[in-house]
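Data first, discussion second: the structure below is written as structure tokens.
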């Protein structure tokens, strides 16, 4: 892949104002009783119970390494070690599944 400069043209006058912005859509969802964009308080509380200890551990141990991998690959080599450790047979996972 080689980056290339391109010219992008956009005329804001040609954009329709019929589509409400993100905040307007959220307010409309609230007024219409649609809860798909929101989490319940018990979900939020549980997510904090799960992630707070994890974030503290990461912070305390100062996790220094971020695994890198080639675009289009199945991920970093360390992935197989981790998946095997948690009981996943990596040989049976189709490429597109990861």
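Numbering (my numbering), first residue to last: -5 to 92.
For glycine and all other residues, C-beta sits at the position ideal for the given N, C-alpha and C.
**OP:** Rounded to whole angstroms, what's the CA-CA distance from residue 91 to residue 37? Just pull it up for me.
**Re:** Here residue 91 corresponds to residue number 97 of the chain shown, with the count starting at 1. Here residue 37 corresponds to residue number 43 of the chain shown, with the count starting at 1. The predicted position of residue 91 is uncertain, since its pLDDT is 47 and thus under 50; a value taken from the coordinates is nonetheless stated next. Looking at the two C-alpha atoms, the distance is approximately 27 Å.
Original post:
Are the beta-carbon atoms of residue 31 and residue 20 separated by less than 8 Å?
Top reply: To locate residue 31, count along the chain shown from 1; it is residue 37. To locate residue 20, count along the chain shown from 1; it is residue 26. Against a cut-off of 8 Å, the Cβ pair of residue 20 and residue 31 comes out as a contact.
Original post:
Is residue 77 helix, strand or coil when you go by DSSP?
Top reply: By 1-based counting over the chain shown, the position of residue 77 is 83. Correct three-state label for residue 77: helix.
Original post:
Can the beta-carbon of residue 70 be found closer than 8 Å to that of residue 78?
Top reply: Within the chain shown, residue 70 is the residue found at index 76, counting from 1. Within the chain shown, residue 78 is the residue found at index 84, counting from 1. For residue 70 and residue 78, no; Cβs fall outside 8 Å.
Original post:
Ordered along the chain, which non-local residues of its own chain (more than five positions away) have a Cβ less than 6 Å from that of residue 23?
Top reply: Residue numbering aside, residue 23 sits at position 29 when the chain shown is read from its first letter. For residue 23, where only same-chain residues beyond five positions count, the Cβ hits under 6 Å are 31.
Original post:
Would you say residue 60 and residue 74 are within 8 Å of each other, going by their C-beta atoms?
Top reply: For the purposes of this step, residue 60 is identified with residue 66 of the chain shown, where counting begins at 1. For the purposes of this step, residue 74 is identified with residue 80 of the chain shown, where counting begins at 1. Cβ distance not < 8 Å, so residue 60 and residue 74 don't count as in contact.
**OP:** Using the Cα positions of residue 88 and residue 25, report the straight-line distance between them to the nearest angstrom.
**Re:** In the chain shown, the residue the question calls residue 88 occupies position 94. In the chain shown, the residue the question calls residue 25 occupies position 31. Near 43 Å, if we compare the C-alpha coordinates of residue 25 and residue 88.
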